[in-house]
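A.B. asks: Starting off with a structure, shown below.
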Amino acid sequence: MDYATNVKILKFHPEKCKGCLECEKACSQVHFKTNDGGEKSAIRIHKLEKGYTMHVCDQRGLCLDMCPVGALTRRKNGVVWLDKDTCIGCQACVGFCPIGAMRKADIRIEPFKCISCGACVRACPEKALELVEVKIANIKQVVYHKLGG
Amino acid sequence: MVEGQIVIEEYKTGNTHHTWDLKKMQLAHKVLKNFSYKKSDVIKGYANRTLYVNLSTGVIKEKPVTDEMKKKFTGGRGFGLKLLWDSIKPTTRWNSEENELLITTGPLCGTTQYAGSGKSLCLSVSPSTNIVCDCNVGGFFGPYLKFAGFDALEIQGKAKEDVVIIIDGEKGTITIETAPLEETNTHLLSEQLTQMYASENTNKSRQKVSVVSSGLAAENSYWGCLNFSFYDIRRKIPRIKQAGRGGLGTILRDKNIKALVVKIEHFDGISNHPADPVSLVQVGTKLHREIRNLDRYQCNMRAVGTGHLVEIMDAYDLLPTENYRFGSFPKASKIYSQKFYELFTKIIPDGCWHGCTLACAKTVDGYTVMTGPYKGEKVTVDGPEYETIGACSNMSLWEPLWVLEFNFYCDTYGIDTISAGTAIAFYMEMYEYGILNKERCDGLELCFGNAEAVLQLLHWIAQGDCSTFVKVAAKGVRRMKDWIYQNGWGEKQIIEDSGMESKGLEFSEYVTKESLAMQGGYGLTLKGPQHDEAWLIFMDMVNNTIPTFQMKAEALHYYPIWRTWFGLNGLCKLPWNDIEPANNAETSEPSKVPEHVQNYVEYQNAMTGWNITKEDLILQSERCYNWQRAMNVWMGRGQRKDDWIPFRAMGPVTEMEYISRKERYDKQLVEKLGKSEKDVEKMTVPDKLRILYEYRRDQYEKLTDAVYYRRGWTPNGIPTPQKMKQLGFTDKKMLKMLEDKIAADERNRLNVWGGFYKKGEHPPTTDHQYWQKWN
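Heads up: the sequence lines are chains U and D, in that order.
What the first sequence shows, in the working numbering, is residues 55 to 203, in sequence order.
What the second sequence shows, in the working numbering, is residues 400 to 1174, in sequence order.
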């Protein structure tokens, strides 16, 4: 089987962002069919003292090995995908995500994450977001299971 | 080495592949009994009914779980005790018709969000001890039993031929079927049944099946264990965890049960229907993060499992070697966790239940079997865990591959590595002294370190038709002691003092000689010498935080009761204190891990919707702890004489042991017994041994006095009716039995403290019927 070598991840242009959160609303529409954004969005925009920052999954895939039931897989397009019908809601991936990008909303037991669908990119009126292709080998991270400190 | 981001479908263990004619096997099944039940949801952690199966009469029925039962017994082991009390008699022995095998769950069992929430609690009257034995075990069976609709499974009676009991949560049926063609040994049987009963030929389907089985050696020994399977989608095999202690696998086979199978239709993260899933997720995720951040600096469970303890125990003189004669050994570094890490397959998750990120269940895949019927086959070895490695060091086996071999055969033959290892270590010591010899052991050279002889003994036990030696050896230390006496082969004292059993059960793998509190942790127990009640060695010996009898007694009150709590809920104890919050050392009582206790308060509340406090958790446990002790009394045991431990657990038995730690013991003679250094120099080793012996025996008696008093028991160790009433019990049969027993003890002058109190020393109280005032 051929595996993806590249994956599209989100790139943020902070100088363009005005904090309208249209991206979050679009994302929560994808995942929960609501415009709530916030905890129901896989992409989060945080206000800093000056400007904004983006917080989202970068498809590094450390969570893949954490899933006891195989609900997390890397799809053909390289995206790390959580199949919520297989997921048993253990939150191991949430707890072990090194950047806290595996999300959990109170209304559903299964977590959710960025699937690089581009809904946020399309929703952004300022063009502050774009999808860029990177090599998986360059971003891949393996969960810690080594001996010693 | 396989590194992470593994494509699940592609990982291969390299194990020998088997193809079986499963259709033929299944066609040979004869359905003996079929029972349908109405499927229903679990509500706030409870299925609200238990399942009763009688193999003699064919009766299968549901029993309701009442609110009263939840209040008094909580669940899990508590439910098991209650069901046993209602079903057995004080004269029931392990192989009695009415003896039951129970597998119970608990309200928190099956939760996926909080690490260590998949334990089943198994209970029965043990062949080793003739009292109730409780064992906790991982694997999927318990959670699936609950999701199939039952808080507990209760099996009474015996089948006439080998059967499997199938609990089909998909169809809502229970069937008892004969199973003549399947293997008996676990590594094959669990694979056959998992494939046979999976609804589809997929990984996903196989993961929804769990099998409980034992093996051929369980039939011929008192060490039978129950293997609980959990299907691993990466390795594509059912892996196993053991309910090891007390011979429950022996009971399974005595009932002619080849296996129990449970399958479920579906489950997800809220199949327990918690009252407050949001809080549950919060507390569970917090623990996941703690494990992620800190495990590598603390126990390193995720890398090496419980084997990390080997080097620590060796460093502190606590690793049992040569039948507990020593606590460390020059060759021990050959079995440090690093050596097993090199052999382990480094793929994870490795939890024995979903969502356990402590992930201590390690395997060696593609291990080539060196001896016996499976010689040359490549298999997955589940483990070894610390206790198994410790059992091997006890037999002086220092080659990791022999540890794996011992581990594999014990598992597949269905016997407990702890009991087998501890017992064989004792036989080896007897061999060294010439009390046993080649002739008496059927030509087996059972000397320390002879791994091939150890494996040969296991193969003989599994084969069955064997000599008196093998038959007795397979029943463990207690029966071997009696057999040696009967034959007049050795001096009673050395045999009695060095065979490491209490109540008939073999010790688990820690040297307790220098920790009085830990001696109590092994002796003053319900089922026998197992470390699951209390592990106080570091508090007592290394950190010296419990120096007085009173403080030790407090610890021997709190910890056994606290640790019992896990078993009432279907939880594993490891995530309580084998991972600690970063600031734990700065808390007022670090050894209790206060933040984690608070987690459990929140966890139980979030599941059940109750509003309990940490004191209530202790009360839940104290009830069941006392109930089990009272049941021991009811069955003629549970008294001071039954809480005795062999002297090897208290101090040096032989001159060699004394000389090997001469400096330590000489110093104690000066500091603790008031001897002058000059006197000590003049004394012979046997004299020193005798003095130390008397002193330590008396210390143990005094500890027993203090502990019984703290627990609210009589000086003979009987829970008083007053205590039981305080705990909320009103069962007249129980209260009357205890009252009668205490009156009989009074007549027989057994209500007296055991310690020898010199001038200036006092027993816990001078009122030897102190509980009478509690009315």
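Idealized CB from N, CA, C, for every residue including glycine.
Are the beta-carbon atoms of D:TYR830 and D:GLY889 separated by less than 8 Å?
C.D. replies: Not in contact: D:TYR830 and D:GLY889 (Cβ atoms no closer than 8 Å).
A.B. asks: Output needed in chain order: residues of the stretch 675-688 of chain D with a Cβ under 7 Å from some Cβ in chain U.
C.D. replies: PRO676, VAL677, VAL680, GLY683, THR684, HIS687 and ARG688
A.B. asks: For D:PRO748, which residues in chain U fall below 8 Å Cβ to Cβ?
C.D. replies: ASP119, MET120, CYS121, PRO122 and ALA146
A.B. asks: Span of the beta strand (DSSP E) holding D:PRO637?
C.D. replies: 636-642
A.B. asks: If D:VAL869 and D:TRP882 are in contact, beta carbons under 8 Å, what's the gap, nearest whole angstrom?
C.D. replies: Not a contact, Cβ separation roughly 12 Å.
A.B. asks: Return yes when the Cβ of D:LYS902 is within less than 8 Å of the Cβ of D:THR649, no when it is not.
C.D. replies: no
A.B. asks: To which residues does DSSP link D:ASN626 through a beta bridge?
C.D. replies: DSSP output for D:ASN626 lists D:SER612 and D:GLN641 as bridge partner(s).
A.B. asks: With D:TRP419 and D:GLN591 assumed to form a contact (beta carbons below 8 Å), what rounded beta-carbon distance in angstroms separates them?
C.D. replies: 6 Å
A.B. asks: So who's on the other strand from D:ASP567, going by DSSP bridges?
C.D. replies: D:THR572 and D:LYS662
A.B. asks: Within 10 Å of its beta-carbon, does D:MET400 have 16 or more other beta-carbons around it, so buried, or fewer, so exposed?
C.D. replies: Caution is warranted here: a pLDDT of 47 is assigned to D:MET400, below 50, making its placement in the model unreliable, and the coordinate value is therefore given only provisionally. With fewer than 16 Cβ atoms within 10 Å of its Cβ, D:MET400 is classed as exposed.
A.B. asks: Between which two residues does the beta strand (DSSP E) containing D:TYR1002 stretch?
C.D. replies: Premise fails: D:TYR1002 lies in the alpha helix (DSSP H), 993-1007, not in any beta strand (DSSP E).
A.B. asks: Could you give the distance in angstroms between the alpha-carbon of D:ILE405 and the alpha-carbon of U:GLN113?
C.D. replies: Computed Cα separation, rounded: 15 Å.
A.B. asks: Find the nearest neighbour of D:VAL1084 within the set D:GLN1038, D:GLU1145, D:LEU588 and D:VAL1052, judged by alpha-carbon distance.
C.D. replies: D:VAL1052
A.B. asks: Taking C-alpha atoms, which residue in D:THR947, D:ASP1130, D:LYS1132 and D:LYS926 lies nearest to D:ASN535?
C.D. replies: D:LYS926
A.B. asks: With a cut-off of 8 Å, do at least 3 Cβ pairs link the stretch 1071-1086 of chain D to the stretch 949-958 of chain D?
C.D. replies: Counting C-beta pairs closer than 8 Å gives fewer than three between the stretch 1071-1086 of chain D and the stretch 949-958 of chain D, which falls short of the contact rule.
A.B. asks: Quick one: which chain U residues come within Cβ less than 9 Å of D:PHE666?
C.D. replies: ILE142
A.B. asks: State yes or no: is the C-beta of D:CYS751 within less than 8 Å of the C-beta of D:GLY922?
C.D. replies: no
A.B. asks: Apart from the five residues on each side of it in sequence, which residues of its chain come closer than 7 Å, Cβ to Cβ, to D:THR456?
C.D. replies: Same-chain partners within the cutoff: GLY556.
A.B. asks: Which value, in whole angstroms, describes the spacing of the CA atoms of D:PHE937 and D:ARG1047?
C.D. replies: 19 Å
A.B. asks: Within the 8 Å Cβ cut-off, does U:VAL61 reach chain D?
C.D. replies: no
A.B. asks: In the DSSP assignment, the beta strand (DSSP E) including U:TRP135 goes from what residue to what residue?
C.D. replies: 134-136
A.B. asks: Taking only three categories from DSSP, how would you classify U:ARG98?
C.D. replies: U:ARG98 falls in the strand class under three-state DSSP.
A.B. asks: Do the stretch 136-147 of chain U and the stretch 161-173 of chain U make contact, defined as three or more Cβ pairs closer than 8 Å?
C.D. replies: yes
A.B. asks: So that I know if they touch, is there some Cβ in chain D lying closer than 8 Å to that of U:GLU93?
C.D. replies: no
A.B. asks: Taking just the CA atoms, how far does D:TYR696 sit from U:GLY203?
C.D. replies: Per-residue confidence for U:GLY203 stands at a pLDDT of 41, beneath the threshold of 50, marking its modelled position as unreliable; the derived number appears in the next sentence. Going from the Cα of U:GLY203 to the Cα of D:TYR696 covers about 6 Å.
A.B. asks: Tell me whether D:MET400 sits in a helix, a strand or coil according to DSSP, three-state version.
C.D. replies: With a pLDDT of 47 at D:MET400, under the threshold of 50, the predicted position of this residue should be treated as unreliable, though the coordinate-derived value follows. In the structure shown, the three-state DSSP call for D:MET400 is coil.
A.B. asks: Quick one: using the 10 Å Cβ neighbour count with 16 as the cut-off for buried, is U:ILE197 buried or exposed?
C.D. replies: First, the residue type needs correcting, since residue 197 of chain U is Val and not Ile in the sequence shown. That one is buried.
A.B. asks: Between D:CYS759, D:GLY683 and D:ALA642, which lies nearest to D:ILE373 when the distance is taken from Cα to Cα?
C.D. replies: Not covered by the structure: residue 373 of chain D. The range shown for chain D is 400 to 1174.
A.B. asks: Indicate whether the contact test is met: 3 or more Cβ pairs, each with one atom in the stretch 420-435 of chain D and one in the stretch 651-659 of chain D, closer than 8 Å.
C.D. replies: Result no; under three Cβ-Cβ pairs closer than 8 Å.
A.B. asks: Any Cβ of chain U within less than 8 Å of the Cβ of D:THR528?
C.D. replies: no
A.B. asks: Hey, does U:VAL197 have any beta-carbon neighbour from chain D nearer than 8 Å?
C.D. replies: yes
A.B. asks: Which residues does DSSP pair with D:LEU450 in a beta bridge?
C.D. replies: D:GLU461 and D:LEU552
A.B. asks: Does chain U have any CB closer than 8 Å to the CB of D:GLY889?
C.D. replies: no
A.B. asks: Is the stretch 1115-1127 of chain D in contact with the stretch 958-977 of chain D, if contact means three or more CB pairs nearer than 8 Å?
C.D. replies: no
A.B. asks: Give every residue of the same chain whose Cβ lies closer than 7 Å to the Cβ of U:LYS189, excluding the five residues on either side of it in the sequence, and list them in chain order.
C.D. replies: THR59 and ASN60
A.B. asks: What does a CB cutoff of less than 7 Å around D:GLY1154 pick up in its chain, not counting 5 residues either side in sequence?
C.D. replies: ASP1097, GLU1100, LYS1101, ASP1104 and PRO1162
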